[in-house]
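From first to last, the protein sequence lines stand for chains A and B. Numbering follows our numbering, in which position 98 of the first sequence is assigned residue number 102; successive positions increment by one, without gaps. Numbering follows our numbering, in which position 180 of the second sequence is assigned residue number 183; successive positions increment by one, without gaps. For glycine and all other residues, C-beta sits at the position ideal for the given N, C-alpha and C. Given the structure is predicted, the values throughout are model-derived calculations rather than measurements. A quick write-up on the structure given underneath.
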Amino acid sequence: MSGLKVDLCGLKLKNPLILASGILGVTKSSLKNVAQNGAGAVTIKSVSREPRKGHKTPIIQVDGDVMINAVGYSNPGLSESRKEFTGLGEVGVPVIASILGTDAEEFAYMAGNFLPGDFSAVELPLSCPHTPGYGMLAGQGTPEATYEITAAVKKSTKLPVIVKLSPSIQALGEVAKAAEKAGADAINMGNTVGPGMFIDARAKKPVLDFKFGGLSGPAIKAISVRCVYDVYKAVRIPVIGTGGVTTGIDAIEMIMAGASAVGVGSAVHYRDMDVFRKIADEMSVFMKSEGYPSVNEMVGLAHE
Amino acid sequence: MNERPVMMKIEKAVDEAKDTKTFWFSGRVGAKPGQFVMLWLPGSGQKPFGISYQERGSFALTIRRVGGFTKELFKLGTGDRVGIQGPYGKPFSMKGDNVVLIGGGYGTAPLALLADEMARKGKNVHMITGAAGKEFLLYQKRFEKSKVKTTYATDDGSFGHKGFCTECLVDSVKSGNIDYVYCCGPEKMMVKVFEICNKKEIPGEFSLERYMKCGFGVCGSCTLDPTGWRVCKDGPVFTLEQLKKVDEFGKYKRDGSGKKGKL
Ligand SMILES: Cc1cc2nc3c(=O)[nH]c(=O)nc-3n(C[C@H](O)[C@H](O)[C@H](O)COP(=O)(O)OP(=O)(O)OC[C@H]3O[C@@H](n4cnc5c(N)ncnc54)[C@H](O)[C@@H]3O)c2cc1C
Ligand SMILES: Cc1cc2nc3c(=O)[nH]c(=O)nc-3n(C[C@H](O)[C@H](O)[C@H](O)COP(=O)(O)O)c2cc1C
Chain A
5 MSGLKVDLCG LKLKNPLILA SGILGVTKSS LKNVAQNGAG AVTIKSVSRE
55 PRKGHKTPII QVDGDVMINA VGYSNPGLSE SRKEFTGLGE VGVPVIASIL
105 GTDAEEFAYM AGNFLPGDFS AVELPLSCPH TPGYGMLAGQ GTPEATYEIT
155 AAVKKSTKLP VIVKLSPSIQ ALGEVAKAAE KAGADAINMG NTVGPGMFID
205 ARAKKPVLDF KFGGLSGPAI KAISVRCVYD VYKAVRIPVI GTGGVTTGID
255 AIEMIMAGAS AVGVGSAVHY RDMDVFRKIA DEMSVFMKSE GYPSVNEMVG
305 LAHE
Chain B
4 MNERPVMMKI EKAVDEAKDT KTFWFSGRVG AKPGQFVMLW LPGSGQKPFG
54 ISYQERGSFA LTIRRVGGFT KELFKLGTGD RVGIQGPYGK PFSMKGDNVV
104 LIGGGYGTAP LALLADEMAR KGKNVHMITG AAGKEFLLYQ KRFEKSKVKT
154 TYATDDGSFG HKGFCTECLV DSVKSGNIDY VYCCGPEKMM VKVFEICNKK
204 EIPGEFSLER YMKCGFGVCG SCTLDPTGWR VCKDGPVFTL EQLKKVDEFG
254 KYKRDGSGKK GKL
């Protein structure tokens, strides 16, 4: 349905659903599979300068509506990833790069050496709650660090820059404003919640080998919707609403909170690969019955 | 299905072959042949293993000691607890009436459960199993007691046919009445089985191994080129027709960081 089309800082999407980083996007083939299952855009799993093995397994666990993960940014590093993610036209939808750095300088290096390739945009996850050296554990979620890193990346690439924030940040509005001031083209709100912990009573141990990890899945939706609502009020740049979206109605709620596009990750587990097509179809049905001609008309409606 | 690991006591750990043990658990996992569980050893990791036995009230995993994780596991015995999560994955279809099951090394493990179930359903099952030498052959006594026809092959000729088990498959399909082939083992061997079946136009299914982390289709570690299929969720069992689309089959696989490497 053409009413699902959105324009996200210059990216033309056939629908507002974007594969969230770290779910499946390890290979180009995997991204293509997700695109064929209905996603409007896809994000690669975050790439660091050097190869990373990531945390020891178990790295992902599920308990009903909560998923917890401490994958630890496993990836084959900058040079292998450049080989992997070439010829991205094959994927069929815009591909967003996700790059990592331990500081502004490394982020700029990654932007300069990994991009542009065939990527349509780049995302900076300043918000991972469970990987030492990166994101929240490296203080990248403050207004100052966000400004510095975003500005450094903006200087190194012409691609639209998306800054991904953590729902655990207290002064969300200020961090979002810092990103906007530094030239960010969009905010992805947001990363996993927490961190949290699962303990196995019989093993008498945390189940994740890293002990704690970020929470995702349907249970976090209320938090991400509130965060999107706050960020929408704070900035003028578009917001991608991510966290807990599993159904078409979830996506509409996110959009009404202020999201111009919607990230979908854990729902791949809850409703399998074709979750993108399912969500898109459910959105169309809702929009038709409620008389909304386009996604744009619904953005931020909950604020009126 | 256990969404989270369930700590289960090892009933007994039995020597099955050289460097290979079968770990028995009492309880049910409700697996179909070809499915696997994620076995959690707190502190050592969590890894995939196929189900090799399933009887009333108990099941077992047959495991070869190869590296750090399996070495830790081999230190455990009766009464020690490990976490069992799953079962996961797409099982064998159980199609065919005159079937050949061909397994190499511990690849025979999931096929033995398939042999049990298909024989119980009254199908003609011919099990071809290969190993480096006699000391690595699995389940001779188990198959003797069943209605399953067996052929053994060893690389060194210490038992059965001297050479690759795929040579026995060539003989077997010559008879002409084989209507389905099931295969699990080292990928080089599976490629040969694939070629034999493809040439003779015999349908078949193959159980693949790729580096798995989550086991339920989220992390993306075990995805195949160029289809993007997840071995843990869309497999591990793939049909011959599906494998025709998997360019990396027989060529390469990725490690835990996603880097391509040798099989
Ligand atoms: C669906 C499936 C079913 C399996 N069933 C059995 C079985 O019934 N019996 C059995 O003995 N083995 C089985 N394996 C293989 C078993 O998972 C590996 O032997 C084990 O993980 C090795 O761990 P390690 O630390 O001892 O060895 P390592 O030294 O870490 O590795 C040795 C080899 O195992 C592979 N491997 C290591 N970790 C993994 C992983 N997480 N996922 C996949 N491969 C890995 C490596 O690529 C390497 O080739 C199965 C694998 C898969 C994918
Ligand atoms: C297994 C897993 C791995 C993830 N890896 C990354 C990552 O590498 N980079 C990143 O920015 N976010 C990562 N995330 C966070 C997701 O992109 C997303 O922000 C979060 O899961 C909330 O959305 P969801 O509820 O739709 O999953 C990961 C999440 C999960 C569940």
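query                                                                                                                                                                                        : result
When the Cα atoms are used, what is the spatial distance from ALA39 (chain A) to GLY96 (chain A)?                                                                                            : 7 Å
With DSSP run on the structure shown, which of helix, strand or coil describes HIS272 (chain B)?                                                                                             : Only positions 4 to 266 of chain B appear in this structure, which leaves residue 272 (chain B) out of reach.
Counting contacts by CB-CB distance shorter than 7 Å, is PRO222 (chain A) in contact with chain B?                                                                                           : no
Roughly how many whole angstroms lie between the Cα atoms of PRO36 (chain B) and ARG240 (chain A)?                                                                                           : 55 Å
Let me check you understand the geometry: is the CB of SER25 (chain A) closer than 6 Å to at least one non-hydrogen atom of ligand 2?                                                        : yes
Cutting at 6 Å between CB atoms, please list the residues of its own chain near ASN127 (chain B), excluding the five before and the five after it.                                           : ASN101
For the alpha helix (DSSP H) that VAL157 (chain A) lies in, which residues bound it at each end?                                                                                             : 147-160
Roughly how many angstroms separate the alpha carbons of GLY136 (chain B) and GLN143 (chain B), rounded to a whole number?                                                                   : 13 Å
Could you work out which residue in B:GLU138, B:GLY264, B:VAL184, B:SER61 is closest to LEU243 (chain B) when comparing CA atoms only?                                                       : B:VAL184
Can you give the Cα-Cα distance for MET260 (chain A) and CYS231 (chain A), rounded to whole angstroms?                                                                                       : 12 Å
For a contact defined as C-beta to C-beta under 7 Å, what are the partners of PRO80 (chain A) on chain B?                                                                                    : SER260, GLY261, LYS262
PHE214 (chain A) and HIS134 (chain A) look like a contact to me (Cβ under 8 Å); what is the Cβ gap, rounded to whole Å?                                                                      : 6 Å
Do ALA24 (chain A) and THR246 (chain A) come within 7 Å of each other at the CB atom, strictly closer than that value?                                                                       : yes
On the DSSP letters alone, give me the boundaries of the beta strand (DSSP E) that MET41 (chain B) sits inside.                                                                              : 39-44
Any residue with its C-beta under 5 Å from a non-hydrogen atom of ligand 1 counts. Can you list them all in chain order?                                                                     : B:PHE39, B:LYS50, B:PRO51, B:PHE52, B:GLY53, B:ILE66, B:ARG67, B:VAL69, B:GLY70, B:GLY71, B:PHE72, B:THR73, B:TYR109, B:ALA112, B:GLU212, B:TYR214, B:MET215, B:PRO239
Is there at least one Cβ from chain A nearer than 7 Å to LYS267 (chain B)'s Cβ?                                                                                                              : Because chain B is modelled from 4 through 266, residue 267 (chain B) falls outside the range shown and cannot be assessed.
With hydrogens ignored, establish whether the beta-carbon of PRO62 (chain A) is closer than 6 Å to any heavy atom of ligand 2.                                                               : no
Using a 10 Å radius around the Cβ and a threshold of 16 neighbouring Cβ atoms, would you call SER210 (chain B) buried or exposed?                                                            : buried
Compute the beta-carbon to beta-carbon distance between THR61 (chain A) and ILE22 (chain A), rounded to the nearest angstrom, for a pair I have assumed lies under 8 Å.                      : With 8 Å as the limit, THR61 (chain A) and ILE22 (chain A) do not qualify as a contact, their Cβ atoms being about 27 Å apart.
Once DSSP output is grouped into helix, strand and coil, what is the label at ASP119 (chain B)?                                                                                              : helix
I need the DSSP call for LYS32 (chain A), collapsed to helix, strand or coil.                                                                                                                : helix
Please check if any C-beta of chain B sits within less than 7 Å of the C-beta of SER33 (chain A).                                                                                            : yes
Any residues in the stretch 47-70 of chain A with a beta carbon nearer than 9 Å to a beta carbon of chain B? Which ones, in chain order?                                                     : LYS49, PRO55, ARG56, LYS57, GLY58, LYS60, THR61, PRO62, ILE63, ILE64, GLN65, VAL66, ASP67, GLY68
With respect to the alpha helix (DSSP H) encompassing SER83 (chain A), which residues constitute its N-terminal and C-terminal limits?                                                       : 81-88
Just to confirm, does LYS237 (chain A) get its C-beta within under 6 Å of one of the non-hydrogen atoms of ligand 2?                                                                         : no
Which one or two residues does DSSP pair with TYR91 (chain B) in a beta bridge?                                                                                                              : B:PHE39
Give the residues of chain B in contact with ASP122 (chain A), contact being defined as C-beta atoms less than 7 Å apart.                                                                    : Within 7 Å Cβ-Cβ: nothing; ASP122 (chain A) doesn't reach chain B, min ~16 Å.
For ASN117 (chain A), count the other beta carbons within 10 Å of its own beta carbon; 16 or more makes it buried, fewer makes it exposed. Which is it?                                      : exposed
Kindly list the residues whose CB is nearer than 6 Å to the CB of ASN19 (chain A), restricted to its own chain and excluding five residues on each side of it in sequence; keep chain order. : LEU8, GLY44, ALA284
Hey, would you say the C-beta of GLY269 (chain A) is under 6 Å away from at least one heavy atom of ligand 2?                                                                                : yes
Just by C-beta distance, which residues in the stretch 150-180 of chain A are closer than 8 Å to chain B?                                                                                    : none
Residues of chain A with a CB under 9 Å from the CB of ASP83 (chain B): which are they?                                                                                                      : None at all; the shortest Cβ gap to chain A is about 12 Å.
Is any beta-carbon of chain A found at less than 7 Å from that of GLU6 (chain B)?                                                                                                            : yes
Taking CB distances under 7 Å as the criterion, tell me whether THR225 (chain B) reaches chain A.                                                                                            : As written in the sequence, residue 225 (chain B) is Cys, which differs from the Thr given in the question. By this cut-off, CYS225 (chain B) is not an interface position.
Among the candidates A:SER85, A:SER50, A:GLY58, A:PRO297, whose CA atom is the shortest distance from the CA of VAL126 (chain A)?                                                            : A:SER50
Spell out a yes or no on whether the stretch 187-197 of chain B and the stretch 167-175 of chain B are touching, meaning 3 or more CB-CB pairs, one atom from each, closer than 8 Å.         : yes
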